[in-house]
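> In mature numbering (1 follows the signal peptide of the UniProt record, and there is no 0), the protein residues as written are -25 to -1, 1 to 398.
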Amino acid sequence: MSLDRRKLLASLAAVPAALAVGAAAREKKEPKPKDPPEPRKSRKRKGAKAPESHVDVAVVGAGALGAWTVWHIVRQGKSVRLFDAYGAGNGRAASNLPSMLLDPAQGGDALYASLVSDSYAAWDRLSDTASLPILTPCQALTTLAATDPAAAPRGSERESGDKLRNRFTQIAWHAGEAAYIADKAAMLAGRRGVLETLLDAQVEPEAVVMPAPLRDKRRDVYALPDGGTAGSIVYACGAWLTELFPQLLTPQRLSAVRSQVFQFGPGQGDLQYRPPAMPAFIDRAYGFTALPDIEGEGVRCWRSTGDASVDPDSFDRRADERALADVRQWLASRLPRIGTAPVVASAAVHDCRTATGDLLLDRLPDHPRAWVVGGGAGRAFALAPAIGARVAAHVADAGRPVEPRWALARLTGGIVTPPPPPS
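1) Pick out the complete alpha helix (DSSP H) segments inside the segment 273 to 310, 4 residues or longer, and give them in chain order.
2) In the DSSP assignment, find the alpha helix (DSSP H) that holds serine 70 and state where it starts and stops.
3) Are leucine 216 and glycine 349 close, meaning C-beta to C-beta below 7 Å?
4) Between the segment 37 to 45 and the segment 111 to 130, are three or more C-beta pairs nearer than 8 Å?
5) Give the DSSP-derived three-state secondary structure of isoleucine 146 in the structure shown.
6) Tell me whether the beta-carbon of asparagine 71 lies closer than 7 Å to the beta-carbon of arginine 166.
7) What residue range is occupied by the uninterrupted beta strand (DSSP E) comprising proline 360?
8) Where leucine 128 and tryptophan 148 are concerned, what is the direct C-alpha to C-alpha distance, given to the nearest angstrom?
9) Pair every Cβ in the segment 81 to 89 with every Cβ in the segment 261 to 281, then say whether three or more of these pairs are closer than 8 Å.
10) Taking 7 Å as the threshold (C-beta atoms), are leucine 173 and alanine 33 in contact?
11) Is the beta carbon of isoleucine 156 closer than 7 Å to that of serine 135?
12) Taking alanine 115 as the reference, give the member of Ala96, Phe143, Thr104 and Glu378 with the closest Cα.
13) For the putative contact between valine 49 and valine 178, defined by C-beta atoms under 8 Å, what is the C-beta separation to the nearest angstrom?
14) Quick test of the definition: if touching needs 3 or more C-beta pairs under 8 Å, does the segment 316 to 334 touch the segment 220 to 238?
15) Can you give the Cα-Cα distance for valine 55 and glycine 64, rounded to whole angstroms?
16) Do arginine 344 and alanine 323 have their CB atoms nearer than 7 Å?
17) Excluding the five sequence neighbours on either side, which residues of its own chain have a C-beta within less than 8 Å of the C-beta of threonine 387, listed in chain order?
18) What is the DSSP secondary structure of aspartate 191, reduced to helix, strand or coil?
19) Pick out whichever of Leu57, Ala294, Ala96 and Phe58 has its Cα sitting closest to the Cα of proline 360.
20) Hey, could you find the ends of the beta strand (DSSP E) serine 321 is sitting in?
21) Near alanine 60, which residues of its chain fall below 6 Å by C-beta distance, leaving aside the five closest residues on each side in sequence?
22) Opposite residue 420 in the DSSP bridges: which residues?
23) Could you spell out where the beta strand (DSSP E) holding isoleucine 48 opens and where it closes?
24) Which term fits glutamine 235, buried or exposed, when burial requires 16 or more other beta carbons within 10 angstroms of its beta carbon?
25) With which residues is leucine 229 paired in a DSSP beta bridge?
26) Which whole-angstrom value is the C-beta distance of alanine 316 and proline 241, which I expect to be below 8 Å?
27) Would you say cysteine 327 lies against chain B (beta-carbon separation less than 7 Å)?
28) Put glutamate 270 into one of helix, strand or coil per three-state DSSP.
29) If you follow the alpha helix (DSSP H) that leucine 334 is in, where does it begin and where does it stop?
30) Could you tell me the alpha carbon to alpha carbon distance between leucine 383 and proline 340, rounded to whole angstroms?
31) Using the Cα positions of tryptophan 381 and valine 45, report the straight-line distance between them to the nearest angstrom.
32) Following the continuous alpha helix (DSSP H) through glycine 136, name the residue where it begins and the one where it ends.
Written as structure tokens, this is what we have:
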């Protein structure tokens, strides 16, 4: 039987088309598995560098002050290692709260107000490179206590409660009341802000317990626990400074002060407690603070003065019912619409404070290249970028004079032995 050449060629030409149709049908029925998506990476950051056996500077404490000190030292072109016994962003850290306030007025204190501009700019730059915002602009209202001056601090204006009543309807204003209002305030991400600072510095914190400084005078270096060395050392470990230097920094000079913080959840879709509608509210007249709802965490409220001195290692970090009752009583008179709102989170937290309420930033006695920094009475986190720059400048120039208000002598009655001149 002979084959028709024309029919044979036609049948062969149809084979690829049939195969393509069959393949398409199979792909419809059985879709190919997709490759897993690539993990999201920052385009502006590189990974942390491996620690070196000898570094220019060792920093102890991976809170906001330690992180920004490291950031500035790295920008100077120096090598650095960072140590924290519990790790960066740990649950015991004073920097571990979800949000912090940067108040441009700083209670009318010119020294701290002078650090606001640089700190705001640094947090804002960091926020631009982070996957989630670090800085959220807001306003800050500070009611006047009886002893407050009439003139508004730099960065704020004085307004009467009558004028503010229609502007901030969440707040119950009392007759004859006045407040300072600062427009260029900001809410800062707490723990996330610290971690982003370290990512930007490309420094990985090491979970190592650091002792008091051990100086090898022959080589003029400080010994590190793993056998490494550092040319200078900075202790930025807050209240833990009292453990490292118990004779120099007694609890009467520097301590951890407890506050009990409650976060109240507004109703569904209620945006009046978020910026820009809701300001940070510092009620100096009655001694409470309320911060606006950021990222759905709730309105955060607490008594402005701490209620106890505590050990930062071991105190119970659960808030109690008595503190909650005090906060609710204040809410009922000042933010009545959320006076009965549910508590969505609460915690007992600590703040590192000196006896004077000022920051501590000074050289250690008998150590020309060892520094301590801490305290600040709640200001340290927000102003950490500018404070870290000061610390880095002291490390670079050991003879640089310290700010008199931040000197150890103010805490110790002037009995501190001056450090020897740098060799």
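Note that beta-carbon positions come from the ideal geometry of N, C-alpha and C, so glycine has one too. All values reported here derive from a predicted model rather than from experimental measurement.
The relevant details are as follows:
1) Assignment of alpha helix (DSSP H) within the segment 273 to 310, counting only whole runs of 4 or more residues, yields 296 to 309 in chain order.
2) Where serine 70 is concerned, there is no enclosing alpha helix (DSSP H), given that its DSSP letter is neither H nor E.
3) Going by C-beta atoms, leucine 216 is nearer than 7 Å to glycine 349.
4) At 8 Å Cβ cutoff, the stretches do not touch.
5) Look at isoleucine 146 here: in three-state DSSP terms it is coil, with no helix or strand label.
6) Cβ atoms of asparagine 71 and arginine 166: closer than 7 Å.
7) Counting along the chain, proline 360 falls outside any beta strand (DSSP E), though it belongs to the alpha helix (DSSP H) covering 359 to 371.
8) The residue asked about is misnamed: residue 128 is proline in this sequence, not leucine. Approximately 21 Å, taken between the alpha carbons.
9) Short answer: they don't touch.
10) Between alanine 33 and leucine 173, the C-beta spacing is not below 7 Å.
11) Not closer than 7 Å, so no.
12) In terms of CA proximity to alanine 115, Phe143 leads the group Ala96, Phe143, Thr104 and Glu378.
13) Valine 49 to valine 178, Cβ: 7 Å. Contact.
14) Taking a contact to require three or more Cβ pairs closer than 8 Å, the segment 316 to 334 and the segment 220 to 238 qualify as touching.
15) If you take the alpha carbons of valine 55 and glycine 64, they lie about 19 Å apart.
16) Not closer than 7 Å, so no.
17) When the five nearest sequence neighbours on each side are left out, the beta carbons in the same chain lying within less than 8 Å of the beta carbon of threonine 387 are those of Leu223 and Arg228, in order along the chain.
18) Here aspartate 191 sits in strand by DSSP.
19) It is Ala96.
20) Note, serine 321: beta strand (DSSP E), 318 to 329.
21) In its chain, beyond the 5 residues on either side, Val184 have a beta carbon closer than 6 Å to the beta carbon of alanine 60.
22) Past the boundaries of the shown model lies residue 420; the chain is included only from -25 to 398, so the question cannot be answered.
23) Not the beta strand (DSSP E): isoleucine 48 falls in the alpha helix (DSSP H), residues 39 to 50.
24) Taking all protein chains shown into account, glutamine 235 has 16 or more neighbouring C-beta atoms within 10 Å of its C-beta and is therefore buried.
25) In DSSP, leucine 229 forms a bridge with Thr329.
26) The beta-carbon distance between alanine 316 and proline 241, rounded to whole angstroms, is 6 Å. This is short enough to meet the 8 Å contact definition.
27) The question asks about chain B, but that chain is absent: this structure has only one protein chain.
28) Glutamate 270 falls in the coil class under three-state DSSP.
29) Per DSSP, leucine 334 is not a residue of any alpha helix (DSSP H); the beta strand (DSSP E) it occupies stretches across 334 to 338.
30) Their backbone Cα atoms lie some 9 Å apart in a straight line.
31) Their Cα atoms are separated by approximately 20 Å.
32) Unbroken alpha helix (DSSP H) run through glycine 136: 136 to 140.
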